[in-house]
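Chains as they are written, first to last, in this note's numbering: chain Z, 35 to 279; chain X, 36 to 322.
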């Protein structure tokens, strides 16, 4: 990996204080966070509930409304409790990936640290949401469904899908950036631009996939246990219907 | 995994959770609230619009009903108005007719009154004219010969005079002390004077001298005057009494006419049918 190409912004250490190192990943994460916050604050200042709204509010409403619809569709229940988590996942990843076309910007999502951190968040959030929704017993029961024999497989599945989540995002973004870098060296005229455009699409798709998968995992933990639908599930479905209407 | 540091992972987890919290506070909350508020408002407006639409439909229905009712009643109202107009027209016609009749009646009345007044005046004048004509005729006829006849009549009358009248004359003579006077229309002959003196002396039972005088107004008459008391005979006296009778009769008729104008008017026919009041008097005067 010492070919002059940095695979991950973790390698760019800007400041070192003992074991704590301030690398590009963290810094660009802060930049991204600042941008998102700035946008939110700017729009929040002129926010209103009239029919005529500012373009910024309109954009954010489209994004937030789209996310809510997606969550509602996937979870089959009210989106509000999942929106901060899943929505932030999507917004953060998407913003990082889109900004990766900006020269000099190192997308934090091209660092395995970031993707693993996000995947770990999902890994933790699944039981948190599941337990808060169904109770500890109800949540744990799904690990021994349909038979206790399935318990190891469930646990392996949980862990592996979290790793897969992290690696998938990291791999895609890192690969995109790597390909762009390589192509820049091989054919620096047209091809890198096309690849960058393609990476924009890939980045958005990856953000969407990451958020959707997170939501699917959470939804599977909070919704029906596999196989036989319980009365609780029916209740949830009814709730979802009511909220939809 | 050398490209990964757990410190960075921890940083990133912290960063992500921080970002989620901040976005929840500054982005999702306000945006979601605004959207929900807008939805609620739109819902409210839709509700209001539905309500207004319902109200409008209801009012439109009411108006439609009212219009239909009005159209249904239109013919009835027109018929009613037509009847009312006809009734009013008839009433006005009646009133006008009554007014015309009243005016006509007044005109007739005034005409009748005028005619009555004219008739009365005519009768009065006719009577007066008849009297004056008779008077004139008798005046023309009067002469000494007629006077002789008159003196004869007067002398006959003194003879036929009742005792009370004689007594009153004598009494007057004795009370006065004046000479009795005999007035005639023409100068008397001596013979006539003697006859009259004889008759008057016998009447008054006196031997006093008589005074003679002439007054042409007497119209062949003879008058014996004793201290204001008079015994006379003359055509003039007759004519005066005729005149008085005619006046009295006319006065009666006028009074009766004022009391009953209608009957009077009905009776008042062309003057040819009215008997001239002077006729009778003339006969009496001639006799």
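Just so you know, even glycine gets a beta-carbon here, dropped at the ideal spot from N, CA and C.
Host beta strand (DSSP E) of residue i (start-end)
i: residue 251(Z); result: From DSSP, residue 251(Z) is part of no beta strand (DSSP E) but of the alpha helix (DSSP H) over 225-256.
i: residue 198(X); result: Element bounds for residue 198(X): not the beta strand (DSSP E) but the alpha helix (DSSP H), 198-211.
i: residue 247(X); result: 246-249
i: residue 77(Z); result: No beta strand (DSSP E) holds residue 77(Z); the alpha helix (DSSP H) holding it covers 58-79.
i: residue 253(X); result: Counting along the chain, residue 253(X) falls outside any beta strand (DSSP E), and DSSP gives it neither H nor E.
i: residue 42(Z); result: Counting along the chain, residue 42(Z) falls outside any beta strand (DSSP E), and DSSP gives it neither H nor E.
i: residue 267(X); result: 264-268
i: residue 136(Z); result: Note, residue 136(Z): premise wrong, no beta strand (DSSP E); not H, not E.
i: residue 47(Z); result: 47-51
i: residue 216(X); result: 216-219
Integer Cβ distance of residue i from residue j, believed to fall under 8 Å
i: residue 258(X); j: residue 267(X); result: 4 Å
i: residue 201(X); j: residue 146(X); result: Contact doesn't hold; Cβ gap of about 58 Å is too wide.
i: residue 43(X); j: residue 60(Z); result: 6 Å
i: residue 17(Z); j: residue 122(Z); result: Outside the displayed range of chain Z (35 to 279) lies residue 17(Z), so it cannot be described from this structure.
i: residue 58(X); j: residue 125(Z); result: 7 Å
i: residue 218(X); j: residue 195(X); result: At roughly 21 Å, the Cβ-Cβ gap does not stay under 8 Å, so residue 218(X) and residue 195(X) are not in contact.
i: residue 207(X); j: residue 262(X); result: 5 Å
i: residue 220(X); j: residue 182(X); result: 6 Å
i: residue 58(Z); j: residue 140(Z); result: 5 Å
i: residue 66(Z); j: residue 170(Z); result: With 8 Å as the limit, residue 66(Z) and residue 170(Z) do not qualify as a contact, their Cβ atoms being about 35 Å apart.
i: residue 76(X); j: residue 83(Z); result: 7 Å
i: residue 71(Z); j: residue 61(X); result: 7 Å
i: residue 185(Z); j: residue 247(Z); result: Going by Cβ atoms, the distance from residue 185(Z) to residue 247(Z) rounds to 22 Å, so no, they are not a contact pair.
i: residue 199(X); j: residue 260(X); result: That pair is no contact at about 19 Å.
i: residue 116(Z); j: residue 195(Z); result: Actually they do not touch by this definition, with Cβ atoms about 18 Å apart.
Residue range of the unbroken alpha helix (DSSP H) whose run includes residue i
i: residue 94(Z); result: 89-109
i: residue 225(X); result: 225-239
i: residue 57(X); result: 41-58
i: residue 127(Z); result: 122-133
Residue i beta carbon near the ligand GDP (any heavy atom closer than 8 Å)
i: residue 102(X); result: Of the ligands one can find in the structure shown there are none, so the ligand GDP has no counterpart to examine.
9 Å Cβ cutoff, residue i in contact with chain A
i: residue 108(Z); result: The displayed structure is made up of protein chains Z and X, and chain A is not among them.
Item checked: Against chain Z: residues of the region 79-108 of chain X by CB proximity under 8 Å -> none
Note to self: Under 8 Å, with one C-beta from each stretch per pair, do the region 232-247 of chain X and the region 118-132 of chain X reach the 3-pair mark?
What the structure shows: no
Margin query: If contact is defined by three or more beta carbon pairs under 8 Å, each pair taking one atom from either stretch, is the region 142-153 of chain Z in contact with the region 199-212 of chain Z?
Written below: yes
Note to self: Restricting to runs no shorter than 4 residues, where is the alpha helix (DSSP H) found entirely within the region 151-191 of chain X?
What the structure shows: none
Next item on the list: Taking only beta carbons into account, state which residues of the region 212-240 of chain Z come closer than 7 Å to chain X, listed in chain order.
Entry: none
Check: Where are the beta strand (DSSP E) runs, 3 residues long or more, that stay fully inside the region 139-189 of chain Z, in chain order?
Finding: none
Note to self: To be precise: take each residue of the region 76-87 of chain Z, compare its Cβ to all Cβ atoms of chain X, and keep it if any distance is under 9 Å. Which residues remain?
What the structure shows: 77, 78, 81, 82, 83, 84, 85, 87
Check: Is there contact here, the region 159-166 of chain Z with the region 210-217 of chain Z, by at least three beta-carbon pairs under 8 Å?
Finding: no
Margin query: So if I threshold CB-CB distances at 8 Å, which residues from the region 132-165 of chain Z count as touching chain X?
Written below: 142, 145, 146, 147, 148, 150, 151, 152, 154, 155
Margin query: Closer than 8 Å between beta carbons: that is the criterion. Which residues of the region 114-148 of chain X meet it against chain Z?
Written below: none
Checklist line | Proximal residues, the region 42-63 of chain Z versus chain X, C-beta separation under 7 Å | finding: 42, 44, 45, 53, 54, 55, 57, 59, 60, 63
Next item on the list: State whether the region 146-156 of chain Z contacts the region 77-97 of chain Z, with contact taken as three or more CB pairs (one from each stretch) at a distance under 8 Å.
Entry: no
Margin query: Within 8 Å, do at least three Cβ pairs link the region 103-111 of chain Z to the region 41-52 of chain Z?
Written below: no
Check: Just checking, does the region 81-96 of chain Z make contact with the region 63-83 of chain X on the three C-beta pairs under 8 Å criterion?
Finding: yes
Check: Looking at C-beta atoms only, is the number of pairs between the region 149-161 of chain X and the region 216-235 of chain X that lie closer than 8 Å three or more?
Finding: no
Item checked: Stretch-stretch touch, CB-based, cutoff 8 Å, three pairs: the region 167-182 of chain Z with the region 221-234 of chain Z -> no
Check: Would you call the region 270-289 of chain X and the region 165-179 of chain X touching, i.e. three or more CB-CB distances under 8 Å?
Finding: yes
Check: Going along the region 115-130 of chain Z in order, which residues come within less than 9 Å of chain X, judged by CB to CB distance?
Finding: 117, 118, 119, 121, 122, 123, 125, 126
Item checked: the region 238-245 of chain Z in contact with the region 125-136 of chain Z per 3-pair CB rule at 8 Å -> yes
Item checked: Near-chain X residues of the region 186-198 of chain Z (beta-carbon distance less than 7 Å), N- to C-terminal order -> none
Next item on the list: Using a Cβ-Cβ cut-off of less than 7 Å, list which residues of the region 94-107 of chain Z approach chain X; keep chain order.
Entry: 94, 95, 98, 99
Margin query: Three Cβ pairs or more, each shorter than 8 Å: is that satisfied between the region 183-190 of chain X and the region 137-152 of chain X?
Written below: no
Note to self: At a CB distance below 8 Å, what residues from the region 45-62 of chain X approach chain Z? Give them in sequence order.
What the structure shows: 45, 46, 47, 48, 50, 51, 52, 53, 54, 55, 56, 57, 58, 59, 61, 62
Notebook entry, point to check: According to a CB-to-CB cut-off of less than 9 Å, which residues of the region 64-75 of chain Z neighbour chain X?
Noted result: 64, 66, 67, 70, 71, 73, 74, 75
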